[in-house]
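Numbering (the UniProt record's numbering), first residue to last: 1 to 340. Virtual Cβ for every residue (Gly too), placed ideally from N, Cα, C. Following: one structure in structure tokens, then a few remarks.
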């Protein structure tokens, strides 16, 4: 009874071990290599597979997903003999599980060492300024080299990035001083350029102002000339009209004309800068008297003109002697108006 129970337990354990050794389940993102008596025969894809018992076994379990490997920090001498510390990361993906399993031992270590040596080669062929400013170019060159080197291993290098690049402390300080000096130089240039633009703008403004002022003076002179011309025309028309009125014997016209000239002359006398004192007549009626006297002269001229017309109408006799002129009224100052 006890022997049969022990046999049953041993048989069950053997059956479970046998099943696990024969039936294999491959998870997604993984591939298993199969070896028959130590020799590679095939690759198991994700899913369930059955192996030949006691003949086939699982060789390598390969990760087919994209992996990230660190590139250790190392000191590299650039082309201009500057020491820099460089590290990075590389993104790889196994494309052929068999080649990755059997063509290289310790794949992550091999890729890391390959990246370090090529990084030293690429950075060593460049100057410090190029290394600091051309990281994309370094990444592209490294990716091309690493991808070509890992292709026989069945590995694809997708990306390589420089994670950190540290120059020496003295070079860092020198770069900081250089950057400060460069920014100060740019500030001075920018300030000078601003002053230049401001001076140009002020000159342009003064130029436009002078042009506008000259145009204004020209327009004002033109309008003044036009006004003087119109004033002269008006004066000529007024004089002609007054002359015609005088010829017709209109006393009011000559009175207005003489009074206007008298007032203008008196105003000019008052505005004269050399005139300290202006004597105003005690009786402003003298102006009226002067105008009245002139009116009488005009009336006398009219009568003489009528007599001459009548004489011509009768058979043109010899002209009659002119009548003596009436004495004109005296001005307040004792002056008597005369006619030429």
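Next item on the list: Kindly list the residues whose CB is nearer than 8 Å to the CB of residue 37, restricted to its own chain and excluding five residues on each side of it in sequence; keep chain order.
Entry: Residues 55 of the same chain have their beta carbon placed closer than 8 Å to that of residue 37, with the five preceding and five following residues left out of the count.
Backbone secondary structure at residue 81 - three-state DSSP: DSSP, reduced to helix, strand and coil, places residue 81 outside both helices and strands of the structure shown, so it counts as coil.
Practice item. Starting from residue 33, follow the beta strand (DSSP E) in both directions and report where the run begins and ends. Key: Where residue 33 is concerned, the enclosing beta strand (DSSP E) stretches over 30–36.
Per DSSP, what are the beta-bridge partners of residue 126 in this structure? Answer is none; residue 126 lacks a bridge partner.
Chain-order list of residues whose beta-carbon lies under 6 Å from that of residue 194 (same chain, five-residue window excluded) = Cβ within range, chain order: n/a, list empty.
To which residues of the same chain is residue 372 closer than 7 Å at the C-beta, ignoring the five residues directly before and after it? Beyond the ends of the chain as shown, which are 1 and 340, falls residue 372; an answer cannot be given.
Got a sec, what are the start and stop residues for the alpha helix (DSSP H) residue 55 sits in? Careful: residue 55 lies outside any alpha helix (DSSP H) and carries neither H nor E.
According to the neighbour-count rule (16 or more other Cβ atoms, all chains shown, within 10 Å of its Cβ), is residue 233 buried or exposed?
Exposed is the call here.
In chain order, what residues of the same chain have a beta carbon less than 6 Å from the beta carbon of residue 315, not counting five sequence neighbours either side?
-> With a pLDDT of 44 at residue 315, under the threshold of 50, the predicted position of this residue should be treated as unreliable, though the coordinate-derived value follows. Excluding sequence neighbours, residue 315 sits near nothing in its chain.
Margin query: Check whether the stretch 111–120 and the stretch 185–203 touch, using three or more Cβ-Cβ pairs below 8 Å as the test.
Written below: No, because fewer than three Cβ pairs between the stretch 111–120 and the stretch 185–203 fall closer than 8 Å, the two stretches do not touch.
Worksheet entry | Reference residue 87, options 247, 144, 131, 172, closest by Cα | Nearest C-alpha to residue 87: 131.
> Can at least three beta-carbon pairs, one atom from the stretch 99–110 and one from the stretch 158–171, be found at a separation below 8 Å?
Replying inline: Because the criterion of three Cβ pairs below 8 Å is not met, the stretch 99–110 and the stretch 158–171 do not touch.
One question on the structure: do residue 101 and residue 59 come within less than 8 Å of each other, judged by their Cβ atoms? Between residue 101 and residue 59, the C-beta spacing is below 8 Å.
Got a sec: is the Cβ-Cβ distance from residue 191 to anything in chain D below 8 Å? Of the protein chains in this structure there is only one, and it is not chain D.
Count the CB pairs spanning the stretch 166–183 and the stretch 135–143 that are closer than 8 Å, and state whether there are at least three. Flag = no, the stretch 166–183 and the stretch 135–143 do not touch.
Which stretch, first to last residue, makes up the beta strand (DSSP E) that contains residue 343? Any answer about residue 343 is impossible in this case: the structure gives the chain only from 1 up to 340.
Per the DSSP calculation, residue 139 is bridged to which residue(s)?
Answer is none; residue 139 lacks a bridge partner.
Go ahead and pull the three-state DSSP assignment for residue 103. Three-state DSSP puts residue 103 in coil, outside helix and strand.
| request: Evaluate contact between the stretch 147–154 and the stretch 171–179, counting only Cβ atoms and requiring at least three cross-stretch pairs below 8 Å. | output: Below 8 Å, too few C-beta pairs join the stretch 147–154 and the stretch 171–179 to call them touching: fewer than three.
- Message: Here's a check: name, in chain order, each residue in its chain whose Cβ is nearer than 6 Å to the Cβ of residue 318, leaving out the five neighbours to either side.
- Response: Below a pLDDT of 50, predicted positions are generally treated as unreliable, and residue 318, at 46, falls in that range; the measurement from the model is reported next regardless. Around residue 318: no qualifying Cβ.
Could you tell me which of 5, 214, 34 sits nearest to residue 22, measuring between CA atoms? In this structure, 34 is the residue among 5, 214, 34 with its C-alpha nearest to the C-alpha of residue 22.
Just to check my reading of the structure: residue 44 and residue 31 have Cβ atoms closer than 8 Å, yes? What is that Cβ distance to the nearest angstrom? Rounded, the Cβ-Cβ distance is 7 Å, consistent with contact.
inquiry  = Helix, strand or coil, according to DSSP, for residue 113 in the structure here?
reply    = Residue 113 falls in the helix class under three-state DSSP.
By how many angstroms is the C-alpha of residue 39 removed from the C-alpha of residue 29? So the two alpha carbons sit approximately 24 Å from each other.
To the nearest angstrom, report how far apart residue 210 and residue 184 are at their CA atoms. Each residue's CA atom was taken as its position, placing residue 210 and residue 184 some 39 Å apart.
*asked:* For the beta strand (DSSP E) containing residue 42, name the first residue and the last one.
replied: Element bounds for residue 42: 39–44.
**Item:** C-alpha distance - residue 283 paired with residue 243, whole-angstrom precision
**Value:** Here the model assigns residue 283 a pLDDT of 48, short of 50, so the residue's position is not dependable, and the following value carries that caveat. The C-alpha of residue 283 lies about 30 Å from the C-alpha of residue 243.
#### Entry: Nearest-angstrom Cα separation, counted from residue 247 out to residue 240
If I take the Cα positions, the gap works out to 10 Å.
Which of the three DSSP states, helix, strand or coil, is assigned to residue 72? Three-state result, residue 72: strand.
Burial state of residue 92 (16 or more Cβ within 10 Å): Taking every protein chain shown into account, the CB of residue 92 has 16 or more other CB atoms within 10 angstroms, so this residue is buried.
Next item on the list: Pull up the DSSP beta-bridge partners for residue 200, would you.
Entry: For residue 200, which the question treats as bridged, DSSP gives no partner whatsoever.
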